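Trainee: Just add 8 to wherever you are in the sequence shown, counting from 1, and you've got this note's numbering.
A virtual CB, placed ideally from N, CA and C, is assigned to each residue, including glycine.
Being a predicted model, the structure only gives us computed values, none of them experimental.
This structure is in structure tokens; I'll ask about it shortly.
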Amino acid sequence: MLKLYLLLAALFPITAQAAEIRMVTESYPPFNYREGSTYKGSSVEQVELLMKYAGIEYAMEMMPWARALFLAENREMHCVFTTVHNKERDGRFKWVEPLLTSRTVLIRKAGSPADPKTIEEAKDFRVGTQRDDFTQTILEENDFPRIDLATDLQLTLKKLMTGRIDLMPISEKYYERLKREGQPIEATVVLAEDIYSIACNPSVPDELIDHMQKNLDSLIADGTQAAVFEKYGLASE
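Here you go:
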């Protein structure tokens with residue numbers, strides 16, 4: 009019996025690792041970005057750590073957001089991050105969270121005449137965001153009439169700085185990071201308060217989701233998550 013028990017114990021982690029998870033994400037610094045051939049960011053590091061400690065095999069790839077979200081929803085054993093957990097997405101994925109919590113704010117180029125004080129006033133302006141990003145859903149749910157869609161955040165930011173759009177929504181943490189780096193931008197109104205997560209295709213076994221969640225919980229409890237936030241210039245909650 010003892011030999012059988014030891015054999016089963018040895019096989020258990022292999023069972024948990026049997027199917028590789030594909031982690032897909034976009035370039036959205038400081039949460040996820042590429043530096044040369046290396047992936048970096050506060051969310052990237054958390055994902056790497058929790059997957060390592062959970063003993064789960066995975067591969068990571070960066071791509072445009074719309075494709076990353078599509079793959080996580082439609083391909084088995086795919087997960088996407090850093091993903092806002094909202095009502096519209098809730099039942100479509102299995103969730104591991106939080107990688108961070110943050111408010112979403114509308115920003116403008118510093119000195120721009122676009123300076124709304126309410127969401128209703130913001131509707132008078134051209135607002136840009138990334139296609140299939142959660143902010144597109146927020147803008148549509150609030151009946152923004154002029155939404156300009158780009159393939160990624162950096163293109164949206166470029167449009168803001170060149171006057172092609174008046175406002176854009178971003179994480180408040182990222183806004184604070186850009187301000188510290190000297191970007192000439194200003195926050196206007198708050199759009200939402202959000203939980204940013206790992207969203208996994210329903211095919212990912214509950215056992216693996218539980219392993220991932222427990223290890224993320226440990227990163228939060230032992231202060232690792234806060235240290236990662238500090239490393240990337242993000243104020244911890």
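Reducing DSSP to helix, strand and coil, say where residue 219 ends up.
Mentor: helix
Trainee: DSSP three-state call for residue 178: helix, strand or coil?
Mentor: In the structure shown, residue 178 sits in a strand (DSSP, three-state: E or B).
Trainee: With the cut-off set at 7 angstroms, would you say residue 137 and residue 192 are in Cβ contact?
Mentor: no
Trainee: Determine, using beta-carbon pairs with one atom in the stretch 157 to 164 and one in the stretch 222 to 229, whether at least three such pairs fall under 8 angstroms.
Mentor: Output reads no: the stretch 222 to 229 does not touch the stretch 157 to 164.
Trainee: Looking only at its own chain, which residues have a Cβ that is under 8 angstroms from the Cβ of residue 28, when we skip the five neighbours before and after it?
Mentor: 65, 66, 67, 85
Trainee: Taking only the alpha-carbon atoms, compute the straight-line gap between residue 240 and residue 131 and give it to the nearest angstrom.
Mentor: 33 angstroms
Trainee: Please say whether residue 104 and residue 220 have beta carbons closer to each other than 7 angstroms?
Mentor: yes
Trainee: Just tell me which of 128, 167, 165 has its CA closest to the CA of residue 148.
Mentor: It is 128 whose Cα lies nearest to the Cα of residue 148.
Trainee: Would a C-beta distance cut-off of 7 angstroms place residue 90 and residue 182 closer than the cut-off?
Mentor: no
Trainee: Work out the CA separation of residue 233 and residue 188 for me, nearest whole Å.
Mentor: 21 angstroms
Trainee: Helix or strand or just coil, what does DSSP make of residue 212?
Mentor: coil
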